[in-house]
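Engineer: Residue numbers (this note's numbering): -17 to 246.
Every residue, glycine too, gets a C-beta built ideally from N, C-alpha and C.
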């Protein structure tokens, strides 16, 4: 069990290092480039990761204090206004200080998570989650926001087999993606078969009628709402599979707007 936790933390660190390499050499103009996420520039993306990596570490090292902080936030008049505060904090920093903030936050997160039982429950902004799932969620956030940064800078972004964690979260949030939009969660599931860049294949929900097959990266882009499903190489068969890909959301929060189809 400890080996599983060590592996997911190692995978998380690998994704963070890949994004770090992308932004480490940016000048002020590079940090200020707008990303596909409306209202967010490159600096905002890294500030978001730094803040929530910091909070994820606190959820482990001081769960009671973290839970009290979240309760106060949710009782405030504008809980989602927190994002503006994070942006303001990050934009007030130099690029060097901002990157230093993120590096310190993620190192603290690694230290806090290593050695945990994967099944240990840790508090978060919604229901408590397994420590293993919390690490997966931080990896998902890192990769998705990293994709925004790469798109903004016009460069290719790596998508190795580590992102199978992102796909797994996409599978786990199937029912939630419907409920989050006020829709009944289907009783049926969708068979998903994905091939990673190494050639490794992952299969979920074997035996279901509806099917999604294709590249691991493309599925991850859709469930993190970084691409419209029509702009990927996913083969989507069945009405349930199509409905899911239209609303899939692997991250917490209100329903996201997704990305328009290319050319729209």
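#1: For the beta strand (DSSP E) containing residue 215, name the first residue and the last one.
#2: Check this for me: beta carbons of residue 174 and residue 153, under 8 Å apart or not?
#3: Contact between the stretch 128 to 148 and the stretch 186 to 193 is defined here as three or more beta-carbon pairs at a separation below 8 Å; is this criterion met?
#4: Using DSSP with H/G/I as helix, E/B as strand and the rest coil, what is residue 197?
#5: Identify, in the order they occur along the chain, each residue of the same chain with its Cβ nearer than 7 Å to the Cβ of residue 143, setting aside the five sequence neighbours on each side.
#6: Is the CB-CB distance between residue -10 and residue 114 below 8 Å?
#7: Taking only three categories from DSSP, how would you classify residue 227?
#8: Cβ of residue 155 within 8 Å of Cβ of residue 232?
#9: Classify residue 11 as buried or exposed, calling it buried when 16 or more other Cβ atoms lie within 10 Å of its own Cβ.
#10: Is the stretch 87 to 104 touching the stretch 22 to 30, taking contact as three or more C-beta pairs under 8 Å?
#11: Report yes if the C-beta distance between residue 48 and residue 58 is below 8 Å; otherwise report no.
#12: Buried or exposed: where does residue 170 fall if 16 or more other Cβ atoms within 10 Å of its Cβ makes it buried?
#13: Does the stretch 208 to 221 touch the stretch -10 to 4, meaning 3 or more C-beta pairs lie closer than 8 Å?
#14: With a threshold of 8 Å on Cβ separation, who are the neighbours of residue 96 within its own chain once the five nearest residues in sequence on each side are excluded?
#15: If you draw a straight line from the alpha carbon of residue 225 to that of residue 127, how long is it in whole angstroms?
#16: For the stretch 108 to 146, which segments carrying the alpha helix (DSSP H) assignment without a break, of at least 4 residues, lie completely within its bounds, in sequence order?
#17: Please give me, in chain order, every unbroken run of the alpha helix (DSSP H) with length at least 4 that falls completely inside the stretch 160 to 205.
#18: In or out: residue 176 buried (at least 16 other Cβ within 10 Å) or exposed?
#19: For a quick check, are the C-beta atoms of residue 218 and residue 160 less than 8 Å apart?
#20: Is it right to say residue 35 is buried, meaning 16 or more other beta carbons lie within 10 angstroms of its own, or is it exposed?
#21: Less than 8 Å separating the beta-carbons of residue -3 and residue 121?
#22: Provide the residue span of the alpha helix (DSSP H) that contains residue 80, from first to last.
Structural biologist: A quick look at the data gives this:
#1: Locating residue 215 in the chain shown gives position 233, counting from the first residue. It is not in any beta strand (DSSP E) - residue 215 carries neither H nor E in the DSSP assignment.
#2: Sequence index remark: in the chain shown, residue 174 carries index 192 (1-based). Sequence index remark: in the chain shown, residue 153 carries index 171 (1-based). Taking the C-beta atoms as reference points, residue 153 is found nearer than 8 Å to residue 174.
#3: With a cut-off of 8 Å on Cβ pairs, the stretch 128 to 148 is not in contact with the stretch 186 to 193, counting fewer than three such pairs.
#4: Residue 197 sits at position 215 when you count from the first residue of the chain shown. Correct three-state label for residue 197: strand.
#5: Here the question's residue 143 lines up with position 161 in the chain shown. The answer, listed in chain order, is 178, 179, 180, 182.
#6: On the chain shown, position 8 is the one that residue -10 refers to. On the chain shown, position 132 is the one that residue 114 refers to. Contact: yes.
#7: Against the chain shown, residue 227 aligns to sequence position 245. Residue state, collapsed to three classes: helix.
#8: Taking the chain shown and counting its residues from 1, one reaches residue 155 at position 173. Taking the chain shown and counting its residues from 1, one reaches residue 232 at position 250. Yes.
#9: Here residue 11 corresponds to residue number 29 of the chain shown, with the count starting at 1. Burial call: exposed.
#10: Between the stretch 87 to 104 and the stretch 22 to 30 there are fewer than three inter-stretch CB-CB distances shorter than 8 Å, so the stretches are not counted as touching.
#11: Locating residue 48 in the chain shown gives position 66, counting from the first residue. Locating residue 58 in the chain shown gives position 76, counting from the first residue. For residue 48 and residue 58, no; Cβs fall outside 8 Å.
#12: Mapped onto the chain shown, residue 170 falls at position 188. Counting the other CB atoms within 10 Å of its CB gives residue 170 a total below 16, which places it among the exposed residues.
#13: Counting Cβ pairs under 8 Å, fewer than three are found: no touch.
#14: Here residue 96 corresponds to residue number 114 of the chain shown, with the count starting at 1. Correct list, in chain order: -13, -12, -9.
#15: Residue numbering aside, residue 225 sits at position 243 when the chain shown is read from its first letter. Residue numbering aside, residue 127 sits at position 145 when the chain shown is read from its first letter. One C-alpha to the other measures close to 24 Å.
#16: Segments of the alpha helix (DSSP H) lying fully in the stretch 108 to 146: 113 to 135.
#17: Counting whole runs of 4 or more residues, the stretch 160 to 205 contains the alpha helix (DSSP H) stretches 198 to 205.
#18: Along the chain shown, read from residue 1 onward, the residue named residue 176 stands at position 194. That one is buried.
#19: By one-based count along the chain shown, residue 218 stands at place 236. By one-based count along the chain shown, residue 160 stands at place 178. Residue 218 places its beta carbon 8 Å or farther from that of residue 160.
#20: Reading the chain shown from its first residue, position 53 is the one you call residue 35. Residue 35 is buried by the Cβ-count criterion.
#21: By 1-based counting over the chain shown, the position of residue -3 is 15. By 1-based counting over the chain shown, the position of residue 121 is 139. Contact flag set, yes.
#22: For the purposes of this step, residue 80 is taken as residue 98 along the chain shown, with counting starting at 1. Boundaries of the alpha helix (DSSP H) around residue 80: 77 to 95.
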